[in-house]
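The structure appears below as structure tokens.
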Amino acid sequence: MITEEHPLTLYNSMTRKKERFIPQDPKRVTMYNCGPTVYSYAHIGNARAAVVADVLFRVLRHIYGEDHVVYARNITDVDDKIIAAAKEQDVPISEITEKYARIYNDDLAAIGCLPPTHQPKATNHISHMAQMIEQLIEKDFAYESDGHVFFDVSKYDDYGKLSGNTLDALRGGDRVGEGEVARKRNAADFVLWKPELDGVGWEASFGKGRPGWHIECSAMSKATLGETIDIHCGGVDLKFPHHENEIAQSCCANEKPFAKYWVHNEFLNMGSEKMSKSLGNVTLINDLLKVWDGEVIRLALLKASFDSELDWSEELLTQSKSQLNGWYTFVAARKKQIGEEYIYNPEVVSLGLMQSLYNNLNTPHFLSRLIDFFKSEDGETELLQSFIDQGKPPPGTSDVLSMMINTTRVLGLLQKDPEEWFRGNTSDDEEDEINDLIQQRDAAKMAAIAAKKLGDKAKMGEQFKRSDEIRDKLKARGIVLEDSPDGTTWRRE
Ligand code: AMP
Ligand code: ZN
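Number 136 in numbering that gives the first Met the number 0 belongs to position 137 of the sequence shown; there are no gaps in the numbering.
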């Protein structure tokens with residue numbers, strides 16, 4: 000449990016201040032993150048938004064306990080782009096949405112994101128959306144117009160508070176295709192319900208149709224988390240209009256505050272521009288995973304604080320890979336040194352390192368202190384001090400190693416066995432093939448030694464050459480052989 004000396008602070012985009020985080024109920028801390036619209040692959044900018052929320056989820060679980068944090072991240076599985084893709088491919092929309100929702104979840108799992116507690120799908124909550132729209136019409140915050148239902152922004156005094164927009168400055172903040180000025184009372188009014196499109200629609204008291212994007216999140220967060228949630232996350236591009244509209248709908252329908260803290264991640268840039276599908280400068284998570292281990296991608300994403308922009312580059316990945324190689328080498332050496340005595344102790348974490356995360360999730364600061372730990376004995380002294388601070392008995396080396404592994408778990412890093420890390424993703428077939436080549440090399444070496452004893456220099460040279468060839472062949476594939484008195488082992492470079 001968190002102590003007075005180690006409070007969690009978060010930058011709240013609503014108040015524009017860093018604030019101490021105090022949940023409504025420490026036994027049920029709630030967070031919501033706007034999830035993907037599933038009609039194509041997610042890019043690494045989308046991954047940043049998911050990883051930032053995942054780090055927050057992990058920190059909250061660490062503080063309040065795993066069973067006391069409820070995290071919902073939705074799936075938007077009805078949308079004009081999905082309907083268009085289904086029409087083009089002549090398949091039901093579910094065929095597209097199920098495929099890309101699965102890919103999204105697999106991609107995020109590969110970069111170390113925990114599954115959220117709830118992953119509501121919009122199409123499973125249409126009745127909740129319709130109910131909320133009915134309430135808004137009843138309370139005169141919404142009006143019907145030509146098969147559509149719009150939210151009347153002039154009725155909600157706080158509209159624009161999150162994004163800093165004034166009503167006068169607002170001109171049609173809808174997603175393309177959602178707003179039709181002629182039908183609206185005010186240009187900034189946004190759509191809650193639209194008529195059926197290409198056979199996609201649900202019956203409702205205000206006509207057969209489909210929901211607007213914003214009402215989906217208001218209804219799904221209420222259904223899974225309740226009327227007032229502790230933390231709402233998402234990228235800065237969602238502040239307006241999406242989050243502004245979620246607030247308006249939820250506050251007016253429920254007559255309660257919507258979210259206590261707003262945590263917005265800044266952009267991931269490619270070149271000097273925001274990575275986005277519309278600019279065409281995207282790198283897909285799925286493609287990166289074909290080349291890089293998910294943990295390398297995760298570390299690269301954590302190198303900037305969530306509220307600063309992150310410039311994406313190949314160099315960032317190369318640097319992250321080499322750091323992880325170094326860290327896993329250190330863990331392997333420590334484990335070997337401790338040997339049989341190593342007992343994993345799940346209880347202690349480094350308070351010094353956690354302090355960085357409690358300070359507005361400052362991941363770069365955490366990482367720089369971690370680097371210090373690996374570089375010098377000072378880091379280790381600091382970890383030892385944490386034991387004393389937590390009133391634990393003086394640690395053995397075993398405990399210090401556990402402590403480091405427990406602490407890095409809060410970032411979702413360094414959780415593999417070093418051997419597994421260095422071997423990377425190897426299929427059973429490849430593993431068999433490598434072991435077979437190692438055996439062939441051993442046989443060639445033994446044959447060379449036997450030939451040497453017999454004075455058969457030609458055979459000796461031939462067999463040593465064969466053994467070197469096998470080693471070089473594996474090296475060319477990035478597989479390094481390590482000979483020791485116990486035999487030959489292999490790892491990836
Ligand atoms: P979308 O599928 O566009 O609704 O985006 C899903 C999530 O990714 C949202 O939280 C966006 O704000 C976030 N996002 C999209 N592009 C970027 C980017 N380049 N950098 C950081 N976050 C992004
Ligand atoms: Zn949302």
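Ideal placement from N, C-alpha and C gives every residue a C-beta, glycine not left out. What you are looking at is a predicted structure, and each value in this text was computed from that prediction instead of being measured.
Please confirm whether residue i and residue j have their CB atoms less than 8 Å apart.
i: LEU301; j: LEU135; result: no
i: TYR142; j: TYR99; result: no
i: TYR70; j: PRO22; result: no
i: SER162; j: LYS238; result: yes
i: VAL235; j: GLY211; result: no
i: ARG470; j: GLY423; result: no
i: ASN344; j: SER277; result: no
i: GLU226; j: LEU412; result: no
i: LYS16; j: HIS67; result: no
i: ASP188; j: VAL148; result: no
i: ARG459; j: LYS451; result: According to the sequence as given, residue 459 is Met; it is not Arg. In this structure, LYS451 lies closer than 8 Å to MET459 by Cβ.
i: ALA129; j: ASN73; result: no
i: LEU113; j: LEU360; result: no
i: ALA46; j: ILE284; result: yes
i: GLU308; j: ASN280; result: no
i: ARG182; j: SER144; result: yes
i: GLY298; j: SER319; result: Before going further, note that residue 298 is Leu rather than Gly in the sequence given. Yes, the pair counts as a contact, with Cβ atoms nearer than the cut-off.
i: THR75; j: GLY34; result: yes
i: ILE296; j: LEU316; result: yes
i: SER204; j: GLU137; result: no
What did DSSP end up calling residue i once you bin it into helix, strand or coil?
i: MET269; result: strand
i: TRP291; result: coil
i: TYR341; result: coil
i: ARG184; result: coil
i: THR487; result: strand
i: ALA303; result: coil
i: ASN358; result: strand
i: TYR155; result: coil
i: ASP229; result: strand
i: ASN73; result: coil
i: GLU468; result: helix
i: HIS117; result: strand
i: ASP310; result: strand
i: MET128; result: helix
i: ASP496; result: The requested residue 496 is not part of the displayed model; the chain covers only 0 to 492.
i: ARG297; result: helix
i: TYR40; result: coil
i: ASN11; result: strand
i: MET274; result: coil
For residue i, which residues from the same chain have a beta carbon less than 6 Å from its beta carbon, with the 5 sequence-adjacent residues on both sides left out?
i: THR223; result: ALA71, HIS117 and PRO119
i: HIS231; result: TYR31, ALA258 and TRP261
i: SER249; result: SER217 and PHE257
i: TYR493; result: What the structure shows of the chain is the stretch from 0 to 492, and residue 493 is not part of that stretch, so it cannot be assessed.
i: TRP420; result: TYR327
i: LEU107; result: ALA49
i: LEU366; result: none
i: PHE266; result: LYS273 and GLU308
Along the chain, where does the beta strand (DSSP E) containing residue i start, and where does it finish?
i: PRO417; result: Per DSSP, PRO417 belongs to no beta strand (DSSP E); it is in the alpha helix (DSSP H), 417-422.
i: VAL148; result: 147-150
i: TRP261; result: 258-264
i: LYS193; result: 189-194
i: THR425; result: Premise fails: THR425 is in no beta strand (DSSP E) and is neither H nor E.
i: THR29; result: 28-32
For my contact list, residue i and residue j are in at a C-beta cut-off of 8 Å; report their separation, rounded to the angstrom.
i: ILE228; j: MET13; result: With a Cβ gap of about 13 Å, ILE228 and MET13 do not count as contacting.
i: SER304; j: PRO363; result: 6 Å
i: GLU254; j: HIS213; result: GLU254 to HIS213, Cβ: 18 Å. No contact.
i: TRP192; j: ILE125; result: That pair is no contact at about 10 Å.
i: ALA443; j: ARG465; result: 4 Å
i: THR406; j: SER349; result: 4 Å
i: VAL199; j: VAL77; result: 7 Å
Who are the near neighbours of residue i in its chain, counting only those whose CB is closer than 8 Å to its CB and skipping five residues on each side?
i: PRO6; result: ARG19, PHE20 and TYR357
i: ILE95; result: VAL37, TYR38, ILE81, ALA84, ALA85 and GLN88
i: TYR155; result: PHE140, ALA247, CYS250 and CYS251
i: THR328; result: PRO417
i: THR487; result: ILE437, ARG440, ASP441, LEU480 and GLU481
i: TRP489; result: ARG422, ILE433, ILE437, LEU473, ILE478, VAL479, LEU480 and GLU481
Can you name, in chain order, every residue of its own chain whose Cβ lies under 7 Å from the Cβ of residue i, other than the five neighbours on each side?
i: LYS86; result: ASP197
i: GLY146; result: PRO194, GLY206 and GLY208
i: GLY172; result: Only weak support exists for where GLY172 lies, its pLDDT of 49 falling under 50; the value from the coordinates is given anyway. Excluding residues within five positions, the ones whose Cβ falls inside 7 Å are ALA187, PHE189, PHE239 and PRO240.
Tell me which residue opens and which closes the alpha helix (DSSP H) that residue i is part of.
i: ALA141; result: It is not in any alpha helix (DSSP H) - ALA141 instead sits in the beta strand (DSSP E) that spans 141-144.
i: TRP499; result: In the structure displayed, the chain extends from 0 to 492; residue 499 sits before or after that span and is not available.
i: ARG15; result: That residue, ARG15, is in no alpha helix (DSSP H); it is neither H nor E in DSSP.
i: THR223; result: 212-224
i: ASP79; result: 79-88
i: LEU107; result: 92-109
With distances taken from each beta carbon to the nearest heavy atom of ligand 4, which residues come in below 6 Å, in chain order?
With respect to ligand 4, the structure offers nothing, as its ligand set consists of ligand 1 and ligand 2.
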